[in-house]
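Note sheet for the following structure.
Numbering (our numbering), first residue to last: 14 to 251.
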């Protein structure tokens, strides 16, 4: 059975929804891990890097005199625990953006995703992204997809810095305001039940993705409609 949705904008989660969590937590994490220390050193004069380092020191309980090696040890610990820490996401996003630009890495999308994104966009449905990964990493993720540059399909990118935590209804209020769209005309696609609960509490439509092999496949999604593929959803422009 196909789930029919009418919305002005589809807002996409990435990990576990459009893309395999194993790719992000595996290939991309493996790419970033050995590059964190040289990145901190080579970009010490970058304001965003300096801010991320300072926040890591504070959040990681380090002394103000912490060495780069101690800071990276905290970052690696967050990676091991898949902690959605803002400074980690900032640094990873910068490293990945450079890797995409160099052609050393490419993004991953499930086979059912890109054709649907193109079809919905062509039918007048706007597309946006809300991911715990930084906007810095989201843009090249779409620009370097297996299906080519998807950047022109996406109208806006949101992360935990410019929108807020994904499990808080206020973050979805912020996104709705930024898009200039009533909550009822937005739909959020995610594989995480707490994120869907937060979006629904903000008045959004929601669709839960339970993909076999993904971390939240067996989760309880409550009242949210559940699908396993973009092929099970049809979105019409409102």
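Ideal placement from N, C-alpha and C gives every residue a C-beta, glycine not left out. Because the structure is a prediction, the values reported are computed rather than measured.
Between the options, which lies nearest to residue i when the distance is taken from Cα to Cα?
i	options	result
residue 19	139, 187, 48 and 53	139
residue 41	151, 59 and 77	151
residue 119	83, 160, 206 and 209	160
residue 193	141, 182 and 224	141
residue 209	190, 116 and 143	143
residue 46	213, 87 and 34	87
residue 116	157, 94, 78 and 100	157
residue 66	53, 105 and 106	53
residue 12	129, 55, 203 and 102	Lying outside 14 to 251, the shown extent of the chain, residue 12 is not represented and no answer is given.
residue 245	227, 223 and 228	223
residue 136	100, 195, 80 and 248	248
residue 167	190, 130 and 218	130
residue 188	203, 217, 243 and 37	217
residue 146	196, 104 and 213	104
residue 190	176, 200, 201 and 203	176
Might you give, ordered along the chain, the residues of its own chain that have their beta carbon closer than 6 Å to the beta carbon of residue i, omitting 5 neighbours on each side?
i	result
residue 251	19, 20, 21 and 198
residue 148	170 and 172
Locate the beta strand (DSSP E) running through residue i, then write down its first and last residues.
i	result
residue 22	22-25
residue 139	139-143
residue 250	246-250
For residue i, which residues from the same chain have a beta carbon less than 7 Å from its beta carbon, with the 5 sequence-adjacent residues on both sides left out?
i	result
residue 178	184
residue 207	180
residue 228	29 and 34
residue 239	221 and 223
For residue i, collect the residues of the same chain with a Cβ closer than 8 Å to its Cβ; drop the 5 residues on either side in sequence, then sort them by chain order.
i	result
residue 181	211
residue 186	196 and 215
From which residue to which residue does the alpha helix (DSSP H) around residue i run?
i	result
residue 132	126-135
field: At least three beta-carbon pairs within less than 8 Å, the stretch 230-238 to the stretch 31-50
entry: no
message: Assess contact between the stretch 120-129 and the stretch 169-181, defined as three or more Cβ pairs (one per stretch) separated by less than 8 Å. Is contact present?
response: no
- prompt: What are the complete alpha helix (DSSP H) segments, minimum 4 residues, inside the stretch 152-224?
  reply: Runs of the alpha helix (DSSP H) inside the stretch 152-224: 182-192 and 206-214.
- prompt: For the stretch 50-61 against the stretch 24-41, are there 3 or more C-beta pairs whose distance is under 8 Å?
  reply: no
- prompt: Unbroken alpha helix (DSSP H) runs of length 4 or more, entirely within the stretch 19-99: which are they?
  reply: 42-45, 49-55, 60-72 and 81-93
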